[in-house]
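>
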Amino acid sequence: MTALPEPPEHPLRPPARLLTVDEYVALGETETGYTELVEGRILMSPSPVPDHNYASGELREQIKHQLPSDFEVIQDVDVNLELVPPGEPGFSRRPDLLIVELGARQRVRREGGMIKASEVRVAIEVVSAGSQRTDYVDKRREYADAEIPHYWIVDLRPPVSLVACRLTEDFGYVDSAEVSDTFTASEPFPVSIDVTRLL
Numbered sequence: 217m218t219a220l221p222e223p224p225e226h227p228l229r230p231p232a233r234l235l236t237v238d239e240y241v242a243l244g245e246t247e248t249g250y251t252e253l254v255e256g257r258i259l260m261s262p263s264p265v266p267d268h269n270y271a272s273g274e275l276r277e278q279i280k281h282q283l284p285s286d287f288e289v290i291q292d293v294d295v296n297l298e299l300v301p302p303g304e305p306g307f308s309r310r311p312d313l314l315i316v317e318l319g320a321r322q323r324v325r326r327e328g329g330m331i332k333a334s335e336v337r338v339a340i341e342v343v344s345a346g347s348q349r350t351d352y353v354d355k356r357r358e359y360a361d362a363e364i365p366h367y368w369i370v371d372l373r374p375p376v377s378l379v380a381c382r383l384t385e386d387f388g389y390v391d392s393a394e395v396s397d398t399f400t401a402s403e404p405f406p407v408s409i410d411v412t413r414l415l
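Structure, rendered in structure tokens:
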């Protein structure tokens, strides 16, 4: 009789308690998929499918050439939503793209930690088959609570579309009309995106 090999340990074994943002950062990167932190709980997701990554990369290319000199666009990094005081079970999301103040990345390099919601001007999510509720409901609410001024949702279901949400003082996010051809905006900077090239 041949013994079966022991299954490999999972690359990330979540702790049996709720985590702060600092404790989550200390876990480091995972080898497969990606994680987010919601109320101190680790959420795990598989790596995105090729169309998702293509759309994110194409969107980044279109945006980066139109950015003013005081902004930059970054793909797939953790954001401390700053919804709770330090030391409490935290919230960290990983948008597909971020448009941040120019000094945000340098601050993380100097101080460690992660990008802060207060440094984000636009959070962008590309909707996946299993992330529709998360992107349209959960993240929309969390990003509004974190006072991220703009949230753009790219949906790859035909026809590919982009909805831009703008934070208001009284009503949370207010949506623009869904766009499936050329998206244009004047805030937080003038930009034009050919949505048809995202898939």
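For the sequence shown, the residue numbers in this note's numbering are 217 to 415. Glycine is no exception: its CB is placed at the ideal position from the N, C-alpha and C atoms.
Quick one: residues in its chain with C-beta nearer than 7 Å to the C-beta of Ala362, no 5 flanking neighbours on either side, listed in chain order?
Cβ neighbours of Ala362 beyond the five flanking positions: Leu297, Glu298, Leu299, Ala333.
> If contact is defined by three or more beta carbon pairs under 8 Å, each pair taking one atom from either stretch, is the stretch 264–273 in contact with the stretch 315–331?
The answer is no - the stretch 264–273 does not touch the stretch 315–331, with fewer than three Cβ pairs under 8 Å.
> Could you tell me the boundaries of the alpha helix (DSSP H) in which Ala360 lies?
Start and end: 355–361.
> Please give the ranges of any alpha helix (DSSP H) in the stretch 288–348, keeping only runs that are unbroken, at least 4 residues long and fully inside the region.
The stretch 288–348 contains these whole alpha helix (DSSP H) runs: 320–327.
> Run through DSSP, which three-state label would Gly273 get?
In the structure shown, Gly273 sits in a helix (DSSP, three-state: H, G or I).
> Identify which residue in Glu335, Arg310, Gly256 has its Cα closest to the Cα of Phe287.
Of the listed residues, the one whose Cα sits closest to Phe287 is Glu335.
> Using only the alpha-carbon positions, how far apart do Val289 and Arg337 sit?
Using only the alpha carbons, I get a separation of about 10 Å.
> So what's Asp238 in DSSP terms, helix, strand or just coil?
Residue state, collapsed to three classes: helix.
> What are the partner residues of Tyr352, as DSSP defines its beta bridges?
According to DSSP, which records beta bridges pairwise, Tyr352 is partnered with nothing at all.
> Would you call Leu318 buried or exposed, if buried means 16 or more other Cβ atoms sit within 10 Å of its Cβ?
So Leu318 ends up on the exposed side.
> Helix, strand or coil: how does DSSP classify Ile409 here?
In the structure shown, Ile409 sits in a strand (DSSP, three-state: E or B).
> Helix or strand or just coil, what does DSSP make of Leu415?
It is coil, neither helix nor strand.
> By the 10 Å Cβ neighbour count, where 16 or more other Cβ atoms means buried, how is Ser308 classified, buried or exposed?
Looking at its Cβ environment, which holds 16 or more other Cβ atoms inside 10 Å, Ser308 is buried.
> For Ala242, count neighbouring Cβ atoms within 10 angstroms of its own Cβ and tell me buried if that reaches 16, exposed if not.
Answer is exposed; the Cβ neighbour count stays below 16.
> Tell me which residues share the same chain as Arg357 and place their Cβ nearer than 8 Å to its Cβ, disregarding the 5 neighbours each side in the sequence.
Closer than 8 Å at Cβ, skipping near neighbours: Gly388.
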